[in-house]
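Peer 1: Following this message is one structure expressed as structure tokens.
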Amino acid sequence: MPVKRRIPKQRALSPADELAAWRVLFESGFDFFDDLEDIGVAANEGEGHPLAEEAWQRLGADHLRRSTERHQWALDTFGPPGGA
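All the letters of the sequence shown, read from the start, carry residue numbers 18 to 101 under this note's numbering.
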């Protein structure tokens, strides 16, 4: 009898994992290490990302609390996040 194929369960993405993936782009404007692909966000050539502003509004306040970087590309580009 053939073995039943198992479909892996989708793991929910935690806000901390999502923030970690967006961190480099928020700071520099570029996803240098392709971290966004790890969370299922398609790669983007050049500066920024089409989904960056929406992510910044959701995650930006938490990012600013945790970040030690002085320059924040997303803050300069999109202004203060929704929660700040």
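Ideal Cβ positions, reconstructed from N, Cα and C, are used throughout, including at glycine. All values derive from a computational prediction rather than experimental measurement.
Please report the distance separating the alpha-carbon of Ala33 from that of Glu71.
Peer 2: In the sequence shown, residue 33 corresponds to position 16, counting from 1. In the sequence shown, residue 71 corresponds to position 54, counting from 1. Cα-Cα distance, rounded: 16 Å.
Peer 1: Please state whether the Cβ-Cβ distance between Leu76 and Glu35 is less than 8 Å.
Peer 2: Taking the first residue of the sequence shown as 1, we reach residue 76 at position 59. Taking the first residue of the sequence shown as 1, we reach residue 35 at position 18. Yes. Within cutoff.
Peer 1: How would you label Asp55, buried or exposed, when you count the other beta carbons within 10 angstroms and need 16 or more for buried?
Peer 2: The residue given as residue 55 occupies position 38 in the sequence shown. With fewer than 16 Cβ atoms within 10 Å of its Cβ, Asp55 is classed as exposed.
Peer 1: Taking only the alpha-carbon atoms, compute the straight-line gap between Pro64 and Asp79 and give it to the nearest angstrom.
Peer 2: Your numbering for residue 64 matches position 47 in the sequence shown. Your numbering for residue 79 matches position 62 in the sequence shown. Checking the sequence shown, residue 64 turns out to be Glu, not Pro. Straight-line measurement puts the Cα of Asp79 at about 22 Å from the Cα of Glu64.
Peer 1: Tell me the rounded alpha-carbon separation between Arg109 and Val41.
Peer 2: No information on residue 109 is available, as it lies outside the stretch 18 to 101 that the chain covers here.
Peer 1: What did DSSP end up calling Leu68 once you bin it into helix, strand or coil?
Peer 2: The count along the sequence shown starts at 1 and reaches residue 68 at position 51. Here Leu68 sits in coil by DSSP.
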